[in-house]
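A short write-up of the structure that comes next.
This is the structure in structure tokens:
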């Protein structure tokens, strides 16, 4: 066996999900003139994906611009008339009601100019909406409509876009693991955190955890049906290998670093569902010792209970409990630091 500092952790299975997902729909109605969707590929925010026939919207812009010019001409006339009425009233040539009428006409003309400007802005906005662009950066899905089809504003689905970097990974942890994590945070003086923020993520086919993540959400209640708590973490995906919807493995730290006893898996034996090892005593006799197994660390198994540092155990050999043996030291397979402290037994 060897003894070395180990941070306790637990492993879970979860699923990857996009942080942002958009179902793209048109904001104006019309006939699709062009579809330029790079299906299944990455697009940047603002990329034009669909183009609706813009001619009707351009005509509306031209009409609104003409109405604005008309309103501005009427305003210019109203300003002139108001100035004349004000001068005549000052000279006591006209009555007060003549000035009031000119003032009211001026205010109406100003309002008509404002309304014409708003109508022009709305028409220009509709014209810009004829170019349907990607609202987010991400991977675009299949184009659901082809050119020539009529699309309805806010109704017809065009395609979907999902963000791919970073991604969310959702998983559920059991109540016992959750409480251990909370207790560990209290030990280090961080009572505000309800779970360790550090996680490592891997795909189901990966042999090692190579993608660090960080927890950004912990549910505020336990699922009564399953006794689990939903956790969500954020994991970077710069190479784009992770895809929303895939299953993933998650390694969650559940405590602070502490010394742990590690042994080779081949030294662990099974007895009617229980796990045990054979400990070699000072008299070179083997002793049956039940153990509680922990996680795998660098190819070695953590023993949570049952062994003390420095004890010798049988790694291989046809040996049973209570037998006299002749111990021979052997390196622990699978450990890059097995030479630090090893012991074993022969037949």
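Numbering (my numbering), first residue to last: 1 to 347.
Every residue, glycine too, gets a C-beta built ideally from N, C-alpha and C.
Assigned with DSSP and collapsed to three states, residue 101 falls in helix.
Annotation: residue 160 to residue 140 spans about 6 Å, alpha carbon to alpha carbon.
Residue nearest to residue 40 within the set 80, 144, 320 and 1 is 144 (criterion: CA-CA distance). Boundaries of the beta strand (DSSP E) harbouring residue 228: 228-235, taken from the DSSP string. Following the DSSP letters along the chain, one finds residue 58 inside the alpha helix (DSSP H) bounded by residues 55-90. Relative to the Cα of residue 253, the nearest Cα in the group 17, 213 and 54 belongs to 213. Residue 168 is a Cβ neighbour of residue 19, given a cutoff of 8 Å. Taking a 10 Å sphere around the C-beta of residue 30, we find 16 or more other C-beta atoms and assign the residue as buried. For residue 253, the three-state secondary structure derived from DSSP is strand. Put simply, the backbone Cα of residue 207 is about 17 Å away from that of residue 15. Rounded to whole angstroms, the separation of the alpha carbons of residue 264 and residue 301 is 6 Å. DSSP, reduced to helix, strand and coil, places residue 150 within a strand of the structure shown. With contacts defined by Cβ atoms closer than 8 Å, residue 277 and residue 291 form a contacting pair. Secondary structure of residue 197 (DSSP, three-state): coil.
In the DSSP assignment, residue 288 falls within the beta strand (DSSP E) that extends over 286-290. Judged by DSSP in its simplified three-state form, residue 10 adopts strand.
DSSP places residue 48 in the uninterrupted beta strand (DSSP E) bounded by 48-52. Beta-bridge partners assigned by DSSP to residue 138: 43.
If you ignore the 5 residues before and after residue 285, its C-beta comes within less than 6 Å of the C-beta of 324, all in its own chain and listed in chain order. Fewer than three beta-carbon pairs drawn from the segment 235-242 and the segment 217-225 are found closer than 8 Å, and the two stretches are therefore not classed as touching. In the displayed model, residue 176 falls within a helix according to three-state DSSP.
For residue 94, the three-state secondary structure derived from DSSP is coil. The alpha carbon of residue 228 has as its nearest neighbour, out of 126, 281, 177 and 321, the alpha carbon of 177. Exposure of residue 77 is indicated by the presence of fewer than 16 other C-beta atoms within 10 angstroms of its C-beta. Cβ atoms of residue 26 and residue 127 stay farther apart than 8 Å, at about 13 Å.
Excluding residues up to 5 positions away in sequence, 135, 136, 160 and 161 lie with their Cβ nearer than 7 Å to the Cβ of residue 22 in the same chain.
Burial is judged here by how many other beta carbons sit within 10 angstroms of a residue's own beta carbon; residue 180 has at least 16 and is buried. In the same chain as residue 11, and ignoring 5 residues on each side of it, the C-beta atoms closer than 6 Å to its own belong to 251, in chain order.
Between the alpha carbons of residue 2 and residue 8 lies a distance of about 16 Å. In the DSSP assignment, the residues bridged to residue 203 are 248.
In this structure, residue 112 lies near residue 71, with their beta-carbon atoms less than 8 Å apart.
Excluding the 5 residues flanking it on each side, residue 198 has same chain C-beta neighbours closer than 6 Å at 253, in chain order. Ranked by Cα distance from residue 267, the first of 288, 283, 248 and 259 is 288. If you draw a 10 Å sphere on the C-beta of residue 273, you find fewer than 16 other C-beta atoms in it, and that means exposed. A Cβ-Cβ separation of about 26 Å leaves residue 67 out of contact with residue 85 under the 8 Å criterion.
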